[in-house]
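Each remark here refers to the structure printed beneath this line.
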Amino acid sequence: MGASYHQFCPVAKAMELLDERWTLLVVRELVSGSERFNELRRGLPRMSPTLLSRRLHQLVRAGVVERRVDGADVRYVPTAAGRELRPVLEALGAWGVRWIGELGDADLDPKLLLWDMHRHVDHGVVPPGRTVVRFRFRDVPAGLRDWWLVIADGEADVCDQDPGHDVTVTVTADLRALVQVWLGDLGWPAALRTGAVEVAGPETLRRAAPGWFTLSPFAAVPRP
Numbered sequence: 001m002g003a004s005y006h007q008f009c010p011v012a013k014a015m016e017l018l019d020e021r022w023t024l025l026v027v028r029e030l031v032s033g034s035e036r037f038n039e040l041r042r043g044l045p046r047m048s049p050t051l052l053s054r055r056l057h058q059l060v061r062a063g064v065v066e067r068r069v070d071g072a073d074v075r076y077v078p079t080a081a082g083r084e085l086r087p088v089l090e091a092l093g094a095w096g097v098r099w100i101g102e103l104g105d106a107d108l109d110p111k112l113l114l115w116d117m118h119r120h121v122d123h124g125v126v127p128p129g130r131t132v133v134r135f136r137f138r139d140v141p142a143g144l145r146d147w148w149l150v151i152a153d154g155e156a157d158v159c160d161q162d163p164g165h166d167v168t169v170t171v172t173a174d175l176r177a178l179v180q181v182w183l184g185d186l187g188w189p190a191a192l193r194t195g196a197v198e199v200a201g202p203e204t205l206r207r208a209a210p211g212w213f214t215l216s217p218f219a220a221v222p223r224p
């Protein structure tokens with residue numbers, strides 16, 4: 001628990017736990033379905049493992065998260081108190097979409113974009129069997145340029161190395177443009193028309209590919 005504000009206001013008491021750096025982002029990952037330490041690290045790649053461990057311990061101690069151990073498998077699962085933070089996070093995110101300005105270049109991260117996208121695959125419309133979407137970002141350093149999303153059996157996995165499977169479609173994009181599509185600031189048709197995003201592959205799959213993703217939950221937030 002952070003330092004006390006010494007105020008009886010419930011907002012102040014809640015923020016003694018929640019306004020420490022990274023804490024709400026850890027909760028964001030937990031309520032989005034990440035349960036294992038390595039999954040949390042993929043959603044929070046710039047957070048040190050030591051600080052992540054500390055924040056998880058604080059959340060467990062506060063009763064927001066339950067630590068479940070089964071042999072070597074350790075999972076962190078939101079309690080009822082943790083689950084109740086979902087609408088708080090949704091409201092914060094919607095406010096951020098509406099009132100926080102332009103994204104800086106340092107805010108654009110292909111790893112985070114693909115991690116978010118893999119959680120919003122519409123498995124009901126993806127072709128049966130294994131679907132591999134290769135992403136190539138034209139404007140990022142070589143080590144972060146190529147990514148693969150492997151979709152099969154109702155699950156999706158993000159790879160930063162070629163998994164060796166046949167590629168179904170290839171999406172080539174400016175990183176900022178695909179982030180804007182993902183957040184709902186740029187429609188797929190406009191992005192494709194201008195060439196900011198290109199999809200290559202057999203025509204039926206190429207046309208269907210945008211519909212394989214349900215977009216960020218914040219894409220539908222009305223802009224002011």
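The sequence shown begins at 1 in the UniProt record's numbering and counts up one residue at a time.
Glycine included, each C-beta is placed from N, C-alpha and C at the ideal position.
Provide the residue span of the alpha helix (DSSP H) that contains P163, from first to last. P163 -> no alpha helix (DSSP H), and no H or E assigned at all.
Have a look at the DSSP bridge pairing and note the partners of Y5. When DSSP reads this structure, Y5 sits in no beta bridge, so it has no partner.
Enumerate in chain order the residues of its own chain whose CB-to-CB distance from D122 is below 8 Å, with the five nearest sequence positions on each side excluded. Result list for D122: G211, W212, F213, T214, in chain order.
My output table needs one value for R136: the three-state DSSP class, helix, strand or coil. DSSP places R136 in the strand class (E or B) of the three-state scheme.
For F213, the three-state DSSP class (helix, strand or coil): It is a strand residue.
Compare the C-alpha of V65 against each of L18, A173, A12 and name the closest. Out of L18, A173, A12, the CA that lies nearest to the CA of V65 is found in L18.
Would you kindly check if the distance between the Cβ of D174 and the Cβ of R138 is under 8 Å? In this structure, the beta-carbon distance from R138 to D174 falls below 8 Å.
DSSP three-state call for L44: helix, strand or coil? Secondary structure at L44: coil, using DSSP grouped into helix, strand and coil.
Does the beta-carbon of P78 have 16 or more other beta-carbons within 10 angstroms, so that it is buried, or is it exposed? So P78 counts as buried.
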